[in-house]
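The working numbering numbers the first residue of the sequence shown as 50 and each following residue consecutively.
Ideal placement from N, C-alpha and C gives every residue a C-beta, glycine not left out.
Some notes on the structure that comes next.
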Amino acid sequence: MNRHEIEDLIRQDLASKLNPHRGRAREAFDHMVLEPMNKRVGQDQANAYRIRNAILIGLLMIVCVLIGMWIPRLFPDPVPEQTDPIHQPDAMVESVTIPEHPERTSLLHMVDTGPARTDSGAPARRIREERLDRYQWIDPQTGGTFTYIEPSVRERIVEAHQQ
50 MNRHEIEDLI
60 RQDLASKLNP
70 HRGRAREAFD
80 HMVLEPMNKR
90 VGQDQANAYR
100 IRNAILIGLL
110 MIVCVLIGMW
120 IPRLFPDPVP
130 EQTDPIHQPD
140 AMVESVTIPE
150 HPERTSLLHM
160 VDTGPARTDS
170 GAPARRIREE
180 RLDRYQWIDP
190 QTGGTFTYIE
200 PSVRERIVEA
210 HQQ
């Protein structure tokens, strides 16, 4: 038996017990039983609608992920053929010589950041050194350059000399 059949049996049983006042009692009973039942059915339908929508959205998300994974496999990017000189015996490999001593350029900026004290308690000044070293190699055969820039910051305490 489902819920509706059970409610019909209960309604008929109560209606037969309240038979002397069947008109008003039946109206009140139907109003009390049928109206909440209609609300419950509406809520059940709304819940079923929400569940169905959640399932559909989940399935659509899964389909989108699968499409995103399979599209690149269906249409791969064309890859140009690369020649590997190591595995080709007839190919000639050039050797590139890098100079042992690259050109070095340094920029130094010193900033006095205020008074300080040495470990012995003597007056001193706090100095921050900001350095930028640039190393540059130039290939004499092709004229190509390789540049490496190394920034550094160092703080040091310099003892103040009294005059």
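Same chain only: Cβ atoms within 7 Å of residue 187, ignoring 5 sequence neighbours per side: 194
Three-way DSSP call (helix, strand, coil) for residue 118 in this model: helix
Where residue 192 sits in the DSSP three-state scheme: coil
Spatially closest choice to residue 93 from 123, 52, 121 and 106, by CA coordinates: 52
Cβ separation of residue 182 and residue 199, assumed to be a contact under 8 Å, to the nearest whole Å: 5 Å
Inter-residue spacing [alpha-carbon to alpha-carbon] between residue 122 and residue 113: 15 Å
Pair within 8 Å by beta-carbon distance, residue 177 and residue 206: no
C-alpha distance - residue 165 paired with residue 196, whole-angstrom precision: 38 Å
Alpha carbon of residue 203 to alpha carbon of residue 185, nearest angstrom: 23 Å
Reduced DSSP secondary structure (H/G/I, E/B, other) of residue 210: coil
Cut-off 7 Å between Cβ atoms - residues of its own chain near residue 161, not counting five sequence neighbours on either side: 174 and 176
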